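Data first, discussion second: the structure below is written as structure tokens.
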Amino acid sequence: MGIADYESIVGKGIIYELGLISKKLKKKKIQCINSTKLGGGVAEILSRIIPLLNDLGIDATWDVIEADPDYFNVTKAFHNALHGKSEGITKSMFDKFLSTGKDILRSTKIYGDIVFVHDPQPIMLIENKKSANKWIWRCHVDVSKPYMEVWEFLKLFIEQYDISVFSNPSFARQLEIPQFLVTPSIDPFSEKNRELTREEIESVLEKYEIEKGKPIITQVSRFDYLKDPVGVIEAYRLVKKYVDCQLILAGNRAADDPESDTVLAEVMQEKGNDPDIHVLVIEPEKNDFDINGIQRASSVIIQKSIREGFAITVTEALWKAKPVVASAVGGIPQQIRHRHSGLLCHTVGGAALMIRELLNNPEYATRLGKNGKEHIRRNFLSTRHLRDYMLLFLYLYNPDDIIYL
Amino acid sequence: MNCWTKKAKNPFHFYTSVTLKELTGKKAKNLRELVEIVKEVPGSVIYYHTHVFLQRQHSFSPDPPNAFANWVSWTLGEYKLGEELSSIDICAFNTIRELREKIINVIENHLFESKEPLRYAPRGREFDFIKAHSFVVPTGFTAHNLKEFGMILEKVTIYSIYFHIFEARLRLEKGFNDFSFWLGTSAGAPEVAKDIAALDPYTFNVEALRRRILDIMRNWCNKGQA
């Protein structure tokens, strides 16, 4: 998809303004660097943002670092430590990070006027900083409660960058360099979010043997205690007393989470022999079409998480104009204004009541869904992400409060 | 030649403004922390939290653009104070400094009078202070008369209208909005300028504001031609 294709979604004016901003970056070479071109959220974002930057006439490229599997085991452990897990961090891991980091320094050519480094894996590249170029460190990880030994170690590198970027205000930490907020986004043309025909949606329902015509309540999330799938079943049962409906719990096992099998077992036990509860173990990243179909077929989407990062599944649901009931945690209140663009809940009983309200008042549900979609259109699509990135690049050369371009 | 096509003394150049958000790392857990941080942060932070909702909102809700009020009401449960903060008439202030003083006064008066113990935000729902960096860009659209002005006003983004109505008046400390200034001093439409200046822009969403301004212009021209 080219930038012009987004006009039909966000309007001509927004695309025109992106063009105006991009003109100020025509002479800059942007070099993005991360650790993989395939899989994961960072690669997904870069794979759609880089072509759009290019389409706007900006010279942006994307390089990946090369390292052995042991290095990535260390960076995976660091990733978990940034999420707060302290187990398994050893001195040898720091040694490995530093020694391989030196190899990465030697093997990665730096040529950008602006070097845009994503996540901790390539962070040591900052040692190659020259006075002529500008460096940005983009953190995609929730660092609100990190294991401090790892954070302090990485901070030595982070503070050599010109600026840093985080996804949520709560991730901000005390740093010597400026920290910016760039929230996540979804691509309206991706397989997970594109419009589907009625036939396509029905094909998904048939595939998973879900009844057509009976209201569907859905939660899409991995099987994790923090997503409270058992609480969702309890809420469904409270709804079912008054409204005949079905529940879909669609999620994946999360290979790096040993708890997910236990959670799934508990979910299956709680489900019992209720034929209207559909527990679908699918890999959302590999089954984008199915997730899209399930979300679009749903009457109400629920996200009854106990903790959340940004909750991109809520963004996806809102974009599909679905009425959403979601816990007021993490990035969810940024996306939902209670009773305007969705409903915020705090308890199982509250969630059940709100779902009943929505199922019994379809016009109200439609209005919330419409408002939710509009909110996402304005604030959480790729075009807004693209604009924020261009502003970051421009800020490097104009570090003022009011910048006249 | 009618009022629509009469050439203005000076053309009106439309600009737009987009915001980059800087995280200050400062967080408040309760009212006392909130007011202390409000006192010390740069004006760009106060500006952000009293205006960002205007850029984010759209057709469905003309919410008061005051993040302090929202947090105080919906996170701390201090609804009376929240209402007092949201009802601060931002139009009555010509500088961010004055607006900041007012916010401080309202919160400190509440703290002084309140006999309740201090309420704390739940973990993870602290007030995060954010600073606005505004990038002002010429759109390339220029109006030489009211007709062109109206046609351009219909097509520019809400960010352009936001810039000329809100940012120009308060953040750039001009004391008036750009539209009224041009209409009154260059386009020969002082009545339109006055009516637009008298609008209560913080109670509109930006799309509704666009429609209202266009209505004022059309009504004036229709009246003049009748």
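Residue numbers (the working numbering), protein chains in the order written: chain A, 37 to 441; chain B, 3 to 228. C-beta atoms are modelled at their ideal positions from N, C-alpha and C, and glycine is treated no differently. Everything numeric in this text was worked out from a predicted model, so none of it was measured.
Among residues of its own chain, excluding the 5 on either side of residue i, which ones have a beta-carbon nearer than 7 angstroms to its beta-carbon?
i: Ile215 of chain B; result: Leu155, Phe181, Ile198
i: Asp217 of chain B; result: none
i: Arg127 of chain B; result: Thr77
i: Asp198 of chain A; result: Lys170, Trp171, Ile172, Ile213, Leu432
i: Lys60 of chain A; result: Leu430, Leu441
i: Ala120 of chain B; result: Position check: residue 120 of chain B holds Leu in this sequence, whereas Ala was assumed. Asn32, Leu33, Arg34.
i: Glu445 of chain A; result: Any answer about residue 445 of chain A is impossible in this case: the structure gives chain A only from 37 up to 441.
i: Leu92 of chain A; result: Ile39, Leu54, Gly55, Ser58
i: Tyr42 of chain A; result: Ile51, Thr419
i: Ser143 of chain A; result: Glu102
i: Trp187 of chain A; result: Leu118, Val179
i: Met304 of chain A; result: Val315
i: Gly47 of chain A; result: none
i: Asn434 of chain A; result: none
i: Phe143 of chain B; result: Phe16, Ile154, Val158
i: Tyr244 of chain A; result: His314, Leu316
i: Ala170 of chain B; result: Lys176, Asn179, Asp180
Do residue i and residue j have their C-beta atoms closer together than 7 angstroms?
i: Ser363 of chain A; j: Gly408 of chain A; result: no
i: Phe16 of chain B; j: Ile439 of chain A; result: no
i: Gln67 of chain A; j: Gly137 of chain A; result: no
i: Ile140 of chain A; j: Asp99 of chain A; result: no
i: Gln370 of chain A; j: Ala353 of chain A; result: no
i: Phe325 of chain A; j: Gly287 of chain A; result: no
i: Leu83 of chain B; j: His112 of chain B; result: yes
i: Phe193 of chain A; j: Ile150 of chain A; result: no
i: Arg102 of chain B; j: Ile39 of chain B; result: no
i: Asn229 of chain B; j: Ser188 of chain B; result: This structure does not reach residue 229 of chain B, given that chain B is present from 3 up to 228, and the question cannot be answered.
i: Gly152 of chain B; j: Gln210 of chain A; result: no
i: Thr72 of chain B; j: Gly177 of chain B; result: It should be pointed out that residue 72 of chain B corresponds to Asn in this sequence rather than to Thr. Their beta carbons are not under 7 angstroms apart, which means Asn72 of chain B does not touch Gly177 of chain B by this criterion.
i: Trp184 of chain B; j: Phe14 of chain B; result: yes
i: Leu217 of chain A; j: Leu25 of chain B; result: yes
i: Thr18 of chain B; j: Val139 of chain B; result: yes
Rounded C-beta distance between residue i and residue j? I'm assuming under 8 angstroms.
i: Gln359 of chain A; j: Ala401 of chain A; result: Residue identity differs from the one stated: residue 359 of chain A is Pro in this sequence, not Gln. Correct: roughly 4 angstroms between the Cβ atoms.
i: His135 of chain B; j: Tyr431 of chain A; result: 6 angstroms
i: Ile132 of chain B; j: Pro205 of chain A; result: 6 angstroms
i: Arg213 of chain B; j: Ile163 of chain B; result: That belief does not hold up - the Cβ atoms of Arg213 of chain B and Ile163 of chain B are roughly 11 angstroms apart, past 8 angstroms.
i: Ile90 of chain B; j: Val108 of chain B; result: 7 angstroms
i: Leu422 of chain A; j: Leu89 of chain A; result: 7 angstroms
Apart from the five residues just before and just after residue i, which ones in its own chain have a Cβ nearer than 6 angstroms to its Cβ?
i: Glu163 of chain A; result: Leu141
i: Lys525 of chain A; result: Since the first residue of chain A shown is 37 and the last is 441, residue 525 of chain A is not available in this structure.
i: Phe225 of chain A; result: Met37
i: Gly45 of chain B; result: Ile98
i: Lys149 of chain B; result: Trp6, Thr7
i: Gly186 of chain B; result: Pro192, Ala195
i: Ile342 of chain A; result: Leu262, Asp264
i: Lys23 of chain B; result: Ile132
i: Ile167 of chain B; result: Asn179, Pro203
Near residue i, which residues of its chain fall below 8 angstroms by C-beta distance, leaving aside the five closest residues on each side in sequence?
i: Lys250 of chain A; result: Asp280, Cys281, Gln282, Asp312
i: Ile222 of chain A; result: Lys228, Asn229, Ile348, Thr351, Glu352, Trp355, Ile412, Phe416, Leu417, Ser418
i: Ile338 of chain A; result: Ile253, Thr254, Gln255, Val268, Ala271, Val360, Val361, Ala362, Ala387, Ile391
i: Gly1 of chain B; result: In this structure chain B extends from 3 to 228, so residue 1 of chain B is not present and cannot be described.
i: Glu345 of chain A; result: A small correction: the amino acid at residue 345 of chain A is Gly; Glu does not occupy that position in the sequence shown. Counting only Cβ-Cβ distances below 8 angstroms, and skipping sequence neighbours, we find Asp178, Ser203, Asn204, Gly366, Gly367.
i: Tyr81 of chain B; result: Ser75
* **beta strand (DSSP E) segments (min. 3 residues) lying fully within the stretch 166-240 of chain A** => 170-174, 199-202, 215-217
* At what residue ranges does the stretch 249-329 of chain A contain a whole run of the beta strand (DSSP E), taking only runs of 3 or more? -> 252-256, 282-287, 313-317
* Could you please tell me which residues of the stretch 6-23 of chain B, in chain order, have their CB closer than 7 angstroms to any CB of chain A? => Thr18, Val20, Leu22, Lys23
* Considering only residues of the stretch 73-117 of chain A, which uninterrupted beta strand (DSSP E) runs meet the minimum length of 3 residues and lie entirely inside it, listed in chain order? -> 95-100
* Note down, in chain order, all residues in the stretch 53-65 of chain A with a beta-carbon under 7 angstroms from any beta-carbon belonging to chain B. => Glu53, Leu56, Ile57
* Asked: Using a beta-carbon distance cut-off of less than 9 angstroms, what residues from the stretch 137-171 of chain B approach chain A?
  -> Phe137, Val138, Val139, Pro140, Thr141, Gly142, Lys157, Val158, Thr159, Ile160, Tyr161, Ser162, Glu169
* With a floor of 3 residues, list each beta strand (DSSP E) that falls wholly inside the stretch 335-423 of chain A, ordered by position along the chain. => 336-339, 360-363, 379-381
* **Selection of the stretch 204-218 of chain A by Cβ proximity to chain B, strictly under 9 angstroms** => Asn204, Pro205, Ser206, Phe207, Ala208, Arg209, Gln210, Leu211, Pro214, Gln215, Phe216, Leu217, Val218
* Asked: Going along the stretch 418-433 of chain A in order, which residues come within less than 8 angstroms of chain B, judged by CB to CB distance?
  -> Arg423, Asp424, Leu427, Leu428, Leu430, Tyr431
* Selection of the stretch 27-39 of chain B by Cβ proximity to chain A, strictly under 7 angstroms -> Gly27
* To do: Below 7 angstroms between beta carbons is the criterion; list the residues of the stretch 118-135 of chain B that meet it against any residue of chain A, in chain order.
  => Gly126, Asp130, Ile132, His135
* Asked: According to a CB-to-CB cut-off of less than 8 angstroms, which residues of the stretch 84-106 of chain A neighbour chain B?
  -> none
* Starting from the N-terminal side, write out each stretch of the alpha helix (DSSP H) that is 4 residues or longer and does not extend beyond the stretch 26-93 of chain B. => 33-42, 45-58, 69-76, 81-88
* Asked: If you measure beta-carbon to beta-carbon, which residues of the stretch 393-422 of chain A are closer than 9 angstroms to chain B?
  -> Arg403, Lys406, Asn407, Glu410, His411, Arg413, Arg414, Asn415
* To do: Closer than 8 angstroms, Cβ to Cβ, to anything on chain A: give me those residues from the stretch 74-102 of chain B, in chain order.
  => Trp76
* Contact set between the stretch 145-158 of chain A and chain B, restricted to residues whose Cβ is under 9 angstroms from the partner -> none
* **Minimum length 4: unbroken alpha helix (DSSP H) runs contained in the stretch 159-205 of chain B** => 160-164, 180-187, 192-199
* To do: Name, going along the chain, the residues of the stretch 180-212 of chain B whose beta-carbon falls closer than 7 angstroms to a beta-carbon of chain A.
  => none
* Short-range partners of chain B found in the stretch 166-186 of chain A, where Cβ spacing is below 8 angstroms -> Ser180
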